[in-house]
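The structure under discussion appears below in the form of structure tokens.
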Amino acid sequence: MKDTGKIEHRIEELRKTINHHNYRYYVLDRPEISDAEYDTFMRELKRLETEHPELIALDSPTQRVGAPPIEAFGVLEHPEPLLSLANAFSYEDLATWHKRVTNLLGERDFDFVCEPKIDGLAVALTYVDGLLVTGATRGDGYRGENITQNLKTIRSIPLSIPKEVPHRFEVRGEVYLPRAGFRKLNDERAKKGLPLFANPRNAAAGSVRQLDSSITASRPLDIFIYGLGPTEGKAVPDTHWEIMLWLKSLGLKVNPDIALYHTIGEAEECYQNWVERRESWPYEADGMVVKVNSITLQQELGNMAHEPRWAIAYKFPAVQGTTRLLDVGINVGRTGSLNPYAILEPIRVGGVVISRAALHNEEDIHRKDIRIGDVVVVQRAGEVIPEIVSPVKSRRTGEEKVFYMPDRCPVCGAEVIKPEDEAMHRCTNAACPSQALERIRHFVSRGAMDINGVGEKLCQALFEAGMVRDVADLYYLSREQLLGLDKMAEKSISNVLNSIEESKNRPLARVIFALGIIHVGEEYAELLAKNFSSIDKLAKATQEEFLLFPSIGPKIANSIVTFFRQEENKRIIEKLRMAGVKLEGKKTKEVKPEELPLAGLEFVLTGKLESLTRQEAEARVKALGGKAGSDVTRKTSYLVVGVTPGSKLAKAQNLGVKTINEEEFLKLLD
Ligand code: IVH
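Start counting the sequence shown at 0; every next residue gets the next number (numbering that gives the first Met the number 0).
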């Protein structure tokens, strides 16, 4: 009696928890726990209810397929219910399913089709006489939302099929947001300060269930069709495999990785292969669906309450998991930026143990409301460093602490500042040891001086041994010094010395990039190298000269000038020169100012230009040797007339100054 009471209590608890997470997932599109954790709760509830059928309640979360439709869309009744799938979490589960099917089918042989299980949103599309007439979400399996308008914005869904097709037929598929689109969408939302989507599935669901279909249209959604619903008229193929080929021939998008197999061993091999490959797919998949191929056999096997017997979802190991955020550590980067990272209670995610995750900056940590001590959802995707998706607020105890950046550098103790227009905090000490090491690492890296054989570890060893304190020291290393380092073999010493020697002749752009000037990435380094033929010319240039480049703003200009003004940097450049590092580019012909195309011409602007700001327009005029005036005088060569011009126009006409429009102005600049 007491035991049943306990079980009843546990069942109640599980239902409450699952209902809470269902609401977060389906209604808010913002889950707090990983799918794997959700599955664990659901499995426990299912097991308890199977063992105690008298305790099953009609409103238990096990008794429904999905969430009820949102009324605002209008409801579409599915002519045949959209079922969900039973899950397998191990090869054993899969083999059990296979055995059951084999038993049910007696002696009859069968094939099956393996398909990636796309993590998106199930939809049903109905075509009548070749025209797409309705599109619906799965809803609770029986009734879905009418989202026809929204689905019509997805380019890979044909609006009509100009082929001979059954009078009426329904196809089913998964709408999803490719990883790249998901990242872009979240980046944009972060910039606007909007809450981020936890994963592509939620982003896809959030995008499709928009009452304003122009929002859906702006999201790069896609679809994979994975099945055929009810049909009327013309006969259709009688195996799933052929149906998929047929749908593909109609122009519907079918996953290119689907495969036909005969033995369960082959299916397992396919699964293992996909577990390896799935990170390289441009979309997220959370498992492999295995389906009996013959439609006749599918019908014979039939369905259980909510799941067919003829198919199963063999889940991939989770790439999301929940764990505790123990603390926030800080790395000091080469530019002095304080980069926070999460120290996690180690957890296995997708077969890899993780104990660290990226946290971008203080603002981001506060926006996500992540606190030290929180249980957090962590996610691993491809090669990318694991990330914290969100805190699980329902697991808070009140002991969690809000994180603030320290006001002293954790490495050297110098003051930390946060420039107003930047997201990062910075250590103000240019000689901070952590910055020095990071600068050396940057200098040797690919894209910079590309010094093969000098990796992160060797940089650290050289730095700690005091042999390399700044980047120029690399060029003064001797064989003897390297021999003194632990584990350095003769051969690798020769390689290292050769690569260092070789790097002396890198193109100027690489050298500029390698110096590690704040805000000067590879592209700016290219631009500077093209326009200044040597480090010395670059070092002598003024802020105003940099501002003449349309793409260089005051922040970058200031950073370059400051860099070359610092004594320490001047010293390093001299040391590099002495060592024989090439600090010049290919010679370019020097153009005298009076030879520039707009030399001797003065431009005045009135009104607004559509393609350039006033500053950009003036900078471009100056870069081509012209002058930018603020008022119209007899000396003005051209008045550039933009949208809603001011009184300058009348003045120019009075004085007989030539006026040109934006298009003509741009031609001159060209
Ligand atoms: S077959 C009765 N195939 O997974 C068969 N489903 O948990 C039901 N899904 O609602 C669907 N990829 O949203 C099938 N290749 C695939 C799938 C797939 C993703 C989703 C679908 C379904 C859910 C079932």
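Quick reminder that beta carbons are idealized off the backbone N, C-alpha and C, glycines included. All of these numbers come straight from a predicted model, not from anything done at the bench.
Any non-hydrogen atom of the ligand IVH closer than 7 Å to residue i Cβ
i: V289; result: no
heavy atom of the ligand SAM below 7 Å from residue i C-beta
i: A35; result: In terms of ligand content, the structure shown lacks the ligand SAM and carries the ligand IVH instead.
Cβ shell of residue i (< 8 Å), same chain only, five flanking positions each side left out
i: Y175; result: I117, D118, G119, L120, P199, R200, A203, L220, D221, I222, F223, Y282 and E283
i: E48; result: I10, L54, I55, S59 and T61
i: P307; result: L82, L84, Q297, L300 and G301
i: P506; result: A528 and G584
i: L358; result: V327, P339, Y340, A341, I364, I369 and I387
i: E609; result: G641, V642 and E661
i: L582; result: L507, V510, S533, I534, D535, I572, L575 and R576
i: W503; result: It is Lys, not Trp, that sits at residue 503 in the sequence shown. Excluding residues within five positions, the ones whose Cβ falls inside 8 Å are Y474, A578, G579, V580 and K581.
Nearest-angstrom beta carbon gap, residue j and residue i [assumed within contact, 8 Å]
i: V453; j: I571; result: Their Cβ separation, rounded to whole angstroms, is 17 Å, which puts V453 and I571 out of contact at 8 Å.
i: P390; j: R366; result: About 12 Å separates the two Cβ atoms, so there is no contact after all.
i: A123; j: R171; result: 5 Å
i: Q209; j: N145; result: The pair is not a contact, with the Cβ atoms about 13 Å apart (cut-off 8 Å).
i: I516; j: S558; result: 6 Å
i: L93; j: I263; result: 7 Å
i: A540; j: F531; result: 6 Å
i: P385; j: A356; result: 4 Å
i: C458; j: C431; result: Actually they are not in contact, since the Cβ atoms of C458 and C431 sit about 16 Å apart, beyond 8 Å.
i: D406; j: D34; result: Not really, about 40 Å apart at Cβ, beyond 8 Å.
i: N254; j: P115; result: 6 Å
DSSP-derived helix/strand/coil call for residue i
i: I353; result: strand
i: E53; result: helix
i: Q209; result: coil
i: M41; result: helix
i: I146; result: coil
i: R347; result: strand
i: F602; result: strand
i: V666; result: The residue asked about is misnamed: residue 666 is Lys in this sequence, not Val. Helix.
i: I263; result: helix
i: V64; result: Model confidence at V64 stands at a pLDDT of 44, short of 50, so the residue's coordinates are unreliable; what they give is reported in the following sentence. Coil.
i: Y313; result: strand
i: I117; result: strand
i: K15; result: helix
i: M565; result: The identity of residue 565 in the sequence shown is Gln, whereas the question assumes Met. Q565 falls in the coil class under three-state DSSP.
i: S558; result: helix
i: Y141; result: coil
i: P432; result: helix
i: T321; result: strand
i: F196; result: coil
i: F442; result: helix
i: S293; result: strand
i: N201; result: helix
i: T136; result: strand
i: G180; result: helix
i: N86; result: strand
7 Å CB neighbourhood of residue i in its chain, flanking five on each side removed
i: W240; result: V112, L259 and N292
i: K252; result: S155, I222, F223 and I224
i: L604; result: R613, A616, V639 and G641
i: A404; result: The amino acid occupying residue 404 in the given sequence is Met; Ala does not appear at that position. Correct list, in chain order: L337, E361, V415 and H424.
i: W96; result: A87 and I311
i: E455; result: R440
i: I551; result: F545
i: P236; result: I242 and W245
i: R438; result: R333, V470 and G515
Residues near residue i by beta carbon distance below 6 Å, same chain, minus five either side
i: N330; result: N338
i: A651; result: V631, L638 and T658
i: L249; result: I160 and K162
i: T125; result: V132, T133 and E169
i: E382; result: Annotation note: pLDDT 47 at E382 (below 50); position unreliable, coordinate value reported separately. Around E382: no qualifying Cβ.
Test: residue i CB closer than 8 Å to a CB of chain B
i: A35; result: Of the protein chains in this structure there is only one, and it is not chain B.
Pocket of the ligand IVH (residues with CB nearer than 6 Å to any heavy atom), chain order: L82, S83, L84, E114, K116, I117, A121, R137, E173, Y225, G226, V288, P307, A310 and A312
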